[in-house]
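Written out below as structure tokens is the structure these notes cover.
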Amino acid sequence: MPRAIDGTRRKDRRKKILKLAKGFWGRRKSNFRTAKDAVAKALVYSYRDRKYRKREFRKLWIARISAACREEGMTYSRFIEGLRKSNIAINRKVLSNMAIEDPQAFKELVATAKKALEV
Numbered sequence: 001m002p003r004a005i006d007g008t009r010r011k012d013r014r015k016k017i018l019k020l021a022k023g024f025w026g027r028r029k030s031n032f033r034t035a036k037d038a039v040a041k042a043l044v045y046s047y048r049d050r051k052y053r054k055r056e057f058r059k060l061w062i063a064r065i066s067a068a069c070r071e072e073g074m075t076y077s078r079f080i081e082g083l084r085k086s087n088i089a090i091n092r093k094v095l096s097n098m099a100i101e102d103p104q105a106f107k108e109l110v111a112t113a114k115k116a117l118e119v
């Protein structure tokens, strides 16, 4: 009986790893042994960074809102407190976008927050 040297199962498994390693640099894209480690590491990073991306965007939105609030003579924390007291529930992504694209509406929100804090 002839000996099976390169079975399809083995070939398919290697092909799958090398396909995931497409675009890597040097031997990491073509050599199975190094590609296997590189792909494992890349998958760990991609899982971790899906969580990290959410934190980073929230930080960016808060920085933008804070900058827009300071132009109106108010701090970010006081602005958020004023919105809460006036029962306005808008998420930070929308507030950030509003500060950039519709400054007039954002100024009205700041005025509403200031009014809520005075009472």
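First residue of the sequence shown? That's 1 in the numbering used here, and the numbers climb one at a time after it.
Backbone N, C-alpha and C define an ideal beta-carbon position, used for all residues, glycine too.
Would you mind reading off the limits of the alpha helix (DSSP H) that contains residue i?
i: Pro103; result: 103–118
i: Glu71; result: 32–71
i: Ile17; result: 8–20
i: Ile131; result: Nothing about residue 131 can be reported from this structure: the residues present for the chain run from 1 to 119 only.
Here's a check: name, in chain order, each residue in its chain whose Cβ is nearer than 7 Å to the Cβ of residue i, leaving out the five neighbours to either side.
i: Arg28; result: Ala21, Thr34, Ala35, Ala38
i: Arg14; result: Phe32
Shortest alpha-carbon distance to residue i belongs to which of the options?
i: Glu81; options: Lys59, Arg70, Arg58, Lys114; result: Lys114
i: Asn31; options: Leu43, Lys41, Leu18, Ala40; result: Leu18
i: Met74; options: Val110, Asp49, Val119; result: Val110
i: Ala67; options: Tyr45, Lys41, Arg13, Met98; result: Met98
i: Ile100; options: Phe79, Cys69, Val119; result: Cys69
i: Gln104; options: Glu72, Arg78, Ser77, Arg84; result: Glu72
Which residues in the same chain as residue i place their Cβ atom closer than 8 Å to its Cβ, once the five residues preceding and following it in sequence are excluded?
i: Tyr47; result: none
Kindly list the residues whose CB is nearer than 6 Å to the CB of residue i, restricted to its own chain and excluding five residues on each side of it in sequence; keep chain order.
i: Leu117; result: Gly82
i: Lys93; result: Trp61
I want to know whether the segment 81–90 touches the segment 43–61 - three or more CB-CB distances under 8 Å. no
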